[in-house]
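Novice: Just passing along the structure, written as structure tokens.
Numbering (my numbering), first residue to last: 1 to 124.
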């Protein structure tokens with residue numbers, strides 16, 4: 001009877017360790033700690049889930065810190081464009097705008113993303 005208990009406890013411990021190991025390997029802590037390949041894929045998936053009107057802070061919570069950011073105020077409106085890396089172009093260790101998808105916010109509300117978003121930002 002004691003051997004059965006020891007085997008069950010041992011089996012339970014092994015199952016727990018395997019599960020904990022898999023979680024640590026396959027579930028990154030947060031976007032900022034991912035390598036660039038995983039981060040690009042993560043960003044693509046998360047950007048596809050966005051909806052117009054989402055708040056800036058909610059986007060940062062969902063995607064992590066942007067790779068590049070610009071902001072300006074025009075009259076009573078505040079505009080911010082945040083760039084998230086989504087495509088690899090050149091292995092130079094530097095993330096550039098052409099490797100990113102821009103997200104445009106007006107008064108902290110998401111109003112556009114994609115290729116035209118930065119051009120829209122520049123036109124204000």
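Backbone N, C-alpha and C fix where the C-beta goes; we use that ideal spot for every residue, glycine too. In this text the structure is predicted, and so the values were computed from the model without any measurement.
Residue 74 bridges to which residues according to DSSP?
Specialist: Taking the chain shown and counting its residues from 1, one reaches residue 74 at position 74. Paired residues: 77.
Novice: How big is the Cα-Cα spacing for residue 25 and residue 2?
Specialist: Counting from one through the chain shown, the residue named residue 25 turns up at place 25. Counting from one through the chain shown, the residue named residue 2 turns up at place 2. Distance between the alpha carbons of residue 25 and residue 2 is about 35 Å.
Novice: List the endpoints of the continuous beta strand (DSSP E) containing residue 52.
Specialist: Position 52 of the chain shown, counting from 1, holds the residue named residue 52. Run containing residue 52: none; DSSP gives neither H nor E here.
Novice: Of all the options 34, 11 and 93, which has the alpha carbon lying nearest to the alpha carbon of residue 64?
Specialist: Within the chain shown, residue 64 is the residue found at index 64, counting from 1. Taking residue 64 as reference, the option from 34, 11 and 93 with the minimal CA-CA separation is 34.
Novice: Find out if the Cβ-Cβ distance for the pair residue 110, residue 50 is shorter than 9 Å.
Specialist: If you number the chain shown from 1, residue 110 lands on position 110. If you number the chain shown from 1, residue 50 lands on position 50. Yes, Cβ-Cβ distance for residue 110 and residue 50 is below 9 Å.
Novice: Which residue from 22, 23 and 47 puts its Cα closest to that of residue 86?
Specialist: In the chain shown, the residue the question calls residue 86 occupies position 86. Ranked by Cα distance from residue 86, the options 22, 23 and 47 are led by 47.
Novice: Alpha helix (DSSP H) containing residue 123: first to last residue?
Specialist: Numbered from 1 along the chain shown, position 123 holds the residue referred to as residue 123. Element bounds for residue 123: 115-123.
Novice: Does residue 40 come out as helix, strand or coil in the three-state DSSP assignment?
Specialist: As a working mapping, residue 40 is identified with position 40 in the chain shown. Residue state, collapsed to three classes: helix.
Novice: Quick one: is residue 61 buried, meaning 16 or more other Cβ sit within 10 Å of its Cβ, or exposed?
Specialist: Within the chain shown, the letter at position 61 stands for residue 61. Residue 61 is exposed by the Cβ-count criterion.
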